[in-house]
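Shown next, in structure tokens, is the structure this report addresses.
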Amino acid sequence: ELRLCEQWTAGAKSVFQFDVQGQVAKSTHAGLPWLLWLRMMYEAKALIHFWPFDGFEVPEGKSVVAEVYPSLFRRRYPKEDRTGDEHDAFCVAAWLAEMDRRGTLDYYFKPPLSLPESRIARLEGWILGVC
1 ELRLCEQWTA GAKSVFQFDV QGQVAKSTHA GLPWLLWLRM MYEAKALIHF
51 WPFDGFEVPE GKSVVAEVYP SLFRRRYPKE DRTGDEHDAF CVAAWLAEMD
101 RRGTLDYYFK PPLSLPESRI ARLEGWILGV C
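Heads up: the sequence shown at position 116 corresponds to 116 in my numbering, and the numbers run straight through without jumps.
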């Protein structure tokens with residue numbers, strides 16, 4: 001039931017498990033039609049890169065849609081007075097900004113996968129930050 005990226009990630013939940021504690025399946029499946037709609041918009045095709053489905057290499061000038069797992073970054077940043085959801089969003093944004101400042105963000109867009117694993121990841125998806 002676990003995708004390859006979930007097998008590489010401690011604590012990640014399957015997008016196919018609907019009735020377990022900490023499940024993400026309902027929100028994942030609720031968002032998929034919106035991603036399809038965005039992907040099918042004529043104007044968006046030239047502007048958006050769906051990572052890694054469109055490839056691990058992101059073309060210059062494109063915006064990126066990528067899967068994230070906030071728990072990967074949650075302990076790096078103090079919660080302060082944010083709600084859980086606010087803190088999740090903050091942690092992802094802070095981590096992306098920090099990795100960009102350090103010049104290491106590109107590394108996370110190219111996880112060290114074998115060719116067969118890369119093919120699987122392009123089909124199943126991958127969590128940005130899992131390396």
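Idealized CB from N, CA, C, for every residue including glycine.
By the 10 Å Cβ neighbour count, where 16 or more other Cβ atoms means buried, how is residue i classified, buried or exposed?
i, result
"Leu47", "exposed"
"Arg101", "exposed"
"Glu6", "buried"
"Phe18", "exposed"
"Cys131", "exposed"
How would you write the range of the alpha helix (DSSP H) that residue i sits in, first residue to last?
i, result
"Val92", "Gly84 to Arg102"
"Gly31", "Ala25 to Met40"
"Ser114", "Neither: Ser114 is in no alpha helix (DSSP H) and is coded neither H nor E."
Taking residue i as the reference, which of the options has the closest Cα?
i, options, result
"Val64", "Lys79, Leu105, Gly84 and Ser27", "Leu105"
"Gly129", "Leu38, Leu72 and Glu117", "Leu72"
"Gly61", "His49, Arg75 and Val92", "His49"
"Ala94", "Leu38, Phe18, Lys110 and Arg75", "Arg75"
"Glu67", "Ile127, Arg3, Asp85 and Glu1", "Ile127"
"Gly11", "Glu80, Lys110, Tyr69 and Tyr107", "Tyr69"
"His29", "Arg39, Leu38 and Phe16", "Phe16"
The beta strand (DSSP E) with residue i in it runs from where to where?
i, result
"Ser63", "Ser63 to Val65"
"Ile48", "Ile48 to Phe50"
Looking only at DSSP bridge pairs, what is residue i linked to?
i, result
"Ile127", "Glu67"
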